[in-house]
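Numbering (the numbering used here), first residue to last: 616 to 998. Each residue gets a CB set at the ideal place from its N, CA and C atoms; glycine is no exception. Heads up, the thing below is written out as structure tokens.
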Amino acid sequence: MTHPRLAVVLPFVSPAGGGVTEAVRILVAALARSGAYEITLISFASDQDAASLPDWPTGITIHRFAFHGPARFAFSPGMARHMARHRYDIVHVHGIWMFHVLAAGIAMARGAVGIVSPHGMLEPWILARSARLKTAVSALFQKRVMRRARAIHVLTEKERGDLNGYLTGLPATIIPNFVPDAATPDSPAPWAAQVEGRDVWLFLARIHEKKGWPALLNAWDVLCAADPGSAQGLALVFCGWIDGDDSFAVRLAQSAARHGNVIHAGPQYGADKLASFARADVFVLPSMSEGLPMTVLEAVRQDALIAMSAACNLPDFFPQAAVNTGTDTQTILAALQRIRAMPSETRAAMRAAATAHLQQSYGEQAVMARYLALYAACQTHRL
């Protein structure tokens, strides 16, 4: 039996692609388990690929292409040639603003059914960054490719609004990210010995200002200065790679010197990431811009209490299953103080509510049924 040929096009197969890579990896693994498609993964090459390729499912084909120029655009003639020479039935492109969107557009022009997933990259905060490049990309090819696509996949109702602000009249379908079931980690987090006996507040994301680390660190300083004795029982752990933010190391060292309870444990992948979530008492993400962050869902899966901003686009978790941090120092501080004062029974009830909601709305079975329905509808022109 011949299965439809599905090309999944994304910037990177390694952690260089951030949360988009992780969301796509989980989706591709589920699609591979379904056995419904012949899957080819197409991405730019990075120096982190060798360590990352074993994390992708077996039975799929992976093509990685060298690129020229800055990584934020990644001009790749090889990727374009591949799309011009090979035929696919469906091409699903993840992430935008880079050359891979144009490459996917080539496949669509040759008859492939196209699906575009922006992954939150139409947020106003994102649009304001490198605005000249985004204006050029939009005019040269991106809007044309998105109009040609059979469907635009968005993660949230908020993202559908962002899409309409960028390009009206497109057929948008909402399907959230999901997390598969995960076993309890066999080993402790690599950094666990440094915080033994402390209540761990975990920030796990790339270290970039949009993720809210500066305001979080400011709020932490105020919290600890107000009660130095209690602060000795706390630990704020940053896990993630530093994304061009030279001030982070200096600020973290200053806070660590003042309070003795702040560490940067570096990026965590695979089993180490799972163990990091499992060690967290509270997971904190006061981000200013997200699509739908996988890290929040993964933290819920490992039973951490969730403190996040509304910009994480998971409003259905508030207020019963998560604490809203806001994005500035004062609102984050208020959230930290609220959690500190929260009885253990209340914390447990919030974690239980988050776990139940995760299973109902972000479980693999429910979400994958919607993905497979979207693919089938695109192929049969039923959208």
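With contacts defined as CB atoms closer than 8 Å, residue 732 and residue 715 fail to qualify as a contacting pair.
Comparing alpha-carbon positions, the option among 737, 973, 647 and 906 lying closest to residue 935 turns out to be 973. Note that the C-beta distance between residue 854 and residue 907 is not below 8 Å. Contact holds between the segment 845-852 and the segment 802-818, because three or more Cβ pairs, one in each stretch, are under 8 Å apart. Here residue 625 carries a strand assignment [DSSP, helix/strand/coil]. Residue state for residue 759 is assigned as helix, using DSSP reduced to three classes. Counting the other Cβ atoms within 10 Å of the Cβ of residue 786 gives fewer than 16, which makes it exposed. Cα atoms of residue 721 and residue 699: separation of roughly 6 Å, rounded to the nearest angstrom. Rounded to whole angstroms, residue 740 and residue 903 show a C-alpha spacing of 8 Å. With a cut-off of 8 Å on Cβ pairs, the segment 773-780 is in contact with the segment 737-754, counting three or more such pairs. Separation of residue 792 and residue 644 (C-alpha to C-alpha, rounded to the nearest whole angstrom) is 13 Å. Among the bridge pairs identified by DSSP, residue 772 is matched with none. Positions of the alpha helix (DSSP H) runs, each at least 4 residues long and wholly inside the segment 826-899, are given as 828-841, 843-846, 862-874 and 885-894 in order along the chain. With a cutoff of 8 Å on beta-carbon distance, residue 687 and residue 745 are scored as near each other.
Taking C-beta separations shorter than 6 Å and ignoring five residues to either side along the sequence, the partners of residue 933 in its chain run 939, following chain order. The bridge partners DSSP lists for residue 796 come to none.
In this structure, DSSP gives residue 924 a state outside helix and strand, which the three-state scheme calls coil. Taking every protein chain shown into account, the CB of residue 772 has fewer than 16 other CB atoms within 10 angstroms, so this residue is exposed. Spatial neighbours of residue 870 in its own chain (CB-CB distance under 7 Å, excluding positions within 5 residues in sequence) are listed in chain order as 832, 835, 836 and 877. With a cutoff of 8 Å on beta-carbon distance, residue 948 and residue 838 are scored as near each other. Residue 624 sits buried, since 16 or more C-beta atoms from the chains shown fall within 10 Å of its C-beta.
The beta carbon of residue 942 sits closer than 8 Å to the beta carbons of 827, 830, 901, 902, 903, 924 and 926 from its chain, once the five residues preceding and following it are set aside; these are given in chain order. Shown here, residue 932 sits in a helix according to DSSP, grouped into three states.
Sequence-distant partners of residue 914 (beyond 5 residues in either direction) whose C-beta falls short of 7 Å from its own C-beta, in its chain, are 892, 895, 898 and 921.
Under the three-state reduction of DSSP output, residue 714 falls in the helix class. Within its own chain, the residues whose Cβ lies closer than 8 Å to the Cβ of residue 981, once the five positions on either side in sequence are excluded, are 793 and 975, listed in chain order. When beta bridges are read from the DSSP output, residue 658 appears opposite 679. Residue state for residue 905 is assigned as coil, using DSSP reduced to three classes. As the crow flies, the alpha-carbon of residue 637 is around 10 Å from that of residue 670.
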